[in-house]
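Residue numbers (our numbering): 6 to 188.
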Amino acid sequence: MIPATLTTARLRLDAISSADNDAVFEYCNDTDLQGYVPVPVPYTHQAAASYTEGYAPKAPWLWAIRLLEEQRLLGVIELKPHELRSAELGYWLGDPHRGQGIMTEAAMAVIDFGFSADGAALAHIDWCAVVGNIGSATVAQKIGMRYEGLRRQSLPHRDRRLDAWFASILSTDDREPQTGWPL
């Protein structure tokens with residue numbers, strides 16, 4: 006369930022569909038992504054279909070990231086709702102599209118939606134990532150997230166628990182890049 010299509014200077018954030026199965030399958034078989042995102046390993050075509058046709062239609066704030074004039078999936082971004090006008094921001098990007106500012110641009114649009122009275126009207130957005138996921142942390146830093154610290158073995162990842170970085174942003178915070186990150 007997608008509440009709204011979001012657009013930026015170069016991106017369109019819209020619904021994930023079964024047409025994205027092959028791209029999800031390709032991207033989720035990337036060993037770098039698998040090291041940070043708890044997708045099943047090995048990642049199968051059935052897992053991709055389960056994600057695009059089972060999970061995605063039920064997620065209230067989950068977007069496919071695409072270039073404005075193209076249909077190809079680049080990655081996904083999601084706000085997972087929590088109690089009391091709060092949500093957790095999560096995202097991943099296919100390997101060929103990393104390092105181009107795409108996720109930062111998408112994340113700013115989603116944060117704007119999250120805090121907008123016409124959007125989700127949230128007061129608080131959390132973020133967490135496996136320690137060492139510099140790409141994800143750099144995006145969080147650039148969109149104004151405040152680094153809150155490391156929590157030891159706090160993130161379940163398949164058959165083990167990993168250390169995780171945590172950060173958040175409030176609707177009243179500025180969106181300027183923040184200092185104090187372990188990057």
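Don't be surprised by glycine CBs; every beta carbon is placed ideally from N, CA and C.
Note that the structure is a prediction, hence the values are computed from the model and not measured.
Quick one: what's residue 16 bridged to in DSSP? 72
Taking 8 Å as the threshold, find out whether the segment 75 to 87 comes into contact with the segment 24 to 41 through three or more Cβ pairs. yes
Are three or more beta carbon pairs between the segment 134 to 143 and the segment 35 to 51 nearer than 8 Å? yes
Looking only at C-alpha atoms, which of 187, 64 and 178 sits nearest to residue 120? 178
By how many angstroms is the C-alpha of residue 153 removed from the C-alpha of residue 70? 27 Å
Could you tell me the boundaries of the alpha helix (DSSP H) in which residue 50 lies? 50 to 54
Hey, how far is the Cα of residue 73 from the Cα of residue 107? 12 Å
Inter-stretch contact (C-beta, 8 Å, three-pair minimum) for the segment 153 to 172 and the segment 97 to 117: no
Straight-line gap, residue 163 to residue 105 (C-alpha atoms, nearest Å): 29 Å
For residue 101, tell me which candidate among 32, 61 and 140 has the shortest Cα-Cα distance. 32
Extent of the continuous beta strand (DSSP E) run through residue 191: This structure does not reach residue 191, given that the chain is present from 6 up to 188, and the question cannot be answered.
Continuous alpha helix (DSSP H) stretch holding residue 60: start and end: Note, residue 60: premise wrong, no alpha helix (DSSP H); not H, not E.
According to the Cβ coordinates, are residue 188 and residue 139 closer than 9 Å? yes
For residue 169, which of helix, strand or coil comes out of DSSP? strand
Outcome for residue 46 when other beta-carbon atoms lying within 10 angstroms are tallied against a minimum of 16: exposed
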